[in-house]
Amino acid sequence: MINIGIIGYGYWGPNLVRNLIETPGASVRMVADLDSRKLQAVQQRYPTVKTTQVFMELVNDPDIHAVAIATPVSSHFELAMAALKAGKHVWVEKPMTETSVQARRLIDEAERRKLVLIVDHTFIYTGAVRKMQEIVASGELGRVYYYDSIRVNLGLFQRDVNVISDLAVHDFSILDFLLNEHPVAVSASGMNHFQGTPENLAYVTLFYDSGAIGHANVNWLAPVKVRQILLGGSKKMILYDDMQPSEKIKVYDRGISFTDDPQEIYRLRVGYRSGDMWAPQLDMSEALRVEGEHFVKCIDAGQRPITDGRLGLRVVELIEAATSSMRGRGETMHLLHQGKNS
Ligand SMILES: NC(=O)c1ccc[n+]([C@@H]2O[C@H](COP(=O)([O-])OP(=O)(O)OC[C@H]3O[C@@H](n4cnc5c(N)ncnc54)[C@H](O)[C@@H]3O)[C@@H](O)[C@H]2O)c1
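So the sequence shown is residues 14 to 355, counted in the working numbering.
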């Protein structure tokens, strides 16, 4: 049995507690939060779970094997490092850290101590994204030409992070998982419409050596909630609409082809293919539940999680590059070429 302590019971923390409590092979022992009212809520709902306002009490508890961190990003490094140094496996919320330097230090510490470090890039554990990855990996989509995402709503304004760090972070992790390739350059534009607050909308473009291009439109100031991704391939195309209660993924057998026939040279050489559309069956399990089981399995087997510290680091590097580009009004930032993901 893996005993888990959870730090942070704000907006996201309760989802971790609820899912990790139900995860086979795991037991939630303690929850820490600075706010005593949050701890009262824990006690009412889960009377057997201990609570504390002092996170070090949880970190130093010898009965706790793993620590999950769901506090604001600015505190992730300090809390995760303290937990690793105390010999605990760590689950840290996205984005992993504020800086790539901090992310590298956490990876080194976890590797040196042979501890599991998982970053909660939740979308990777959804049935929809796993199905998209399966379709891409099988070659059914053909060569990936583009990924185009809209992630907008009247969002919770964050104090410590901009909209790229809050929302585009999901696209960065999904792209990493789908393409298994790191972008070579990024360009972003964005705005903060309220003085003294982080940027509340951004348009981010990612360029890949393979010729694929990725784009994310992220916005906390939209009147409606839209969560849509288009993934265009040379053979097929996918529409993923996360707001649909069912049939979130639709695969379209549509595209164009060019003829090389010299007889056709003076005629229109493009042919349109408009075939069937179908909605594949998806695993509708809650992503955090799947991720919780994966975390426990990785601890038991000493394996690296799918969303390990390295994926977390690649995402933080993209946030840094996209944010610099945005502050330079779209200046292209070239990234250290890493080719296929390690
Ligand atoms: N995976 C996802 O899809 C997803 C969704 C939402 C939020 N998140 C992430 O979860 C994290 C938390 O976000 P949130 O929206 O829940 O924030 P929040 O501000 O609502 O909650 C944070 C909680 O942490 C507590 N806290 C802060 N510092 C602490 C410390 N040192 N010790 C103990 N408690 C402390 C606060 O009192 C608060 O209750 C962020 O990293 C965010 O990006 C992830």
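Think of the CB as a built atom: it goes at the ideal place given N, C-alpha and C, for glycine as much as any other residue.
Spatial neighbours of residue i in its chain, beta-carbon cut-off 6 Å, leaving aside the 5 residues before and after
i	result
Ala83	Gly21, Trp25, Gly26, Leu29 and Glu106
Val231	Arg164, Val176, Leu180, Ala181 and Ala215
Gly168	Trp233
Thr218	Ser200 and His228
Ala300	Thr135, Tyr138 and Thr139
Met358	Residue 358 lies beyond the range of the chain shown here (14 to 355); nothing can be said about it.
Gln241	Ile163 and Asp254
Ala235	Val165 and Asn166
Val283	Ile269 and Phe271
Cutoff 7 Å; reference residue i; Cβ partners in own chain excluding five residues on either side
i	result
His102	His78, Ala79, Leu128, Val129 and Ile312
Gln146	Phe190 and Leu191
Asn16	Ser40, Arg42, Asp76, Ile77 and His78
Gln65	This sequence places Thr at residue 65; Gln is not what is there. The answer, listed in chain order, is Met43, Ala45 and Leu71.
Asn73	Ala99
Residue i CB to nearest heavy atom of ligand 1 below 8 Å
i	result
Gln57	no
Thr135	yes
Ala83	yes
Ala96	no
Lys20	It is Ile, not Lys, that sits at residue 20 in the sequence shown. Indeed, a heavy atom of ligand 1 lies less than 8 Å from the Cβ.
Ser162	no
Glu106	yes
Gly26	yes
Gln146	no
Gln66	yes
Gly322	no
Ser88	yes
Ala229	no
Asp266	no
Asp255	no
Val174	yes
Leu92	yes
Thr33	A small correction: the amino acid at residue 33 is Leu; Thr does not occupy that position in the sequence shown. No, the beta carbon of Leu33 sits no closer than 8 Å to any heavy atom of ligand 1.
Leu169	yes
Spatial distance of residue i from residue j (CA atoms)
i	j	result
Phe170	Trp233	7 Å
Gly38	Gln294	28 Å
Phe9	Asp121	The requested residue 9 is not part of the displayed model; the chain covers only 14 to 355.
Leu71	Gln115	22 Å
Arg31	Gln56	13 Å
Val239	Tyr253	11 Å
Lys63	Arg42	6 Å
Phe308	Leu326	18 Å
Thr110	Ala335	15 Å
Glu333	Thr112	7 Å
Ser338	Glu212	13 Å
Asp296	Gln208	43 Å
Asn205	Arg286	43 Å
Ala81	Gly18	6 Å
Lys261	Pro108	25 Å
Lys310	Gln316	8 Å
Chain-order list of residues whose beta-carbon lies under 8 Å from that of residue i (same chain, five-residue window excluded)
i	result
His347	Val197 and Ala198
Leu97	Val103, Leu119, Glu122, Ala123, Arg126, Leu128 and Leu130
Met14	Gly38, Ala39 and Ser40
Gly343	Ser200, Ala201 and Ser202
Rounded distance between the beta-carbons of residue j and residue i, thought under 8 Å
i	j	result
Gly246	Arg267	The pair is not a contact, with the Cβ atoms about 10 Å apart (cut-off 8 Å).
Leu188	Tyr160	6 Å
Lys248	Leu349	Rounded, the Cβ-Cβ distance is 32 Å, inconsistent with contact.
Ser223	Glu194	6 Å
Val157	Leu33	Not quite, the Cβ-Cβ distance comes to about 34 Å (not below 8 Å), so this is no contact.
Asp173	Ser87	5 Å
beta-carbon residue i near ligand 3 non-hydrogen atom, thresh 8 Å
i	result
Lys238	Absent from the structure shown: ligand 3. Ligands present: ligand 1.
Chain C contact for residue i (CB, 9 Å cutoff)
i	result
Arg156	Among the chains in the structure shown there is no chain C, since it carries only a single protein chain.
Residue ranges of each alpha helix (DSSP H) within the segment 157 to 197, 4 or longer: 182 to 192
Ordered list of alpha helix (DSSP H) runs contained in the segment 96 to 166, each at least 4 residues: 113 to 125 and 140 to 150
Segments assigned beta strand (DSSP E), at least 3 residues, entirely inside the segment 266 to 321: 283 to 291
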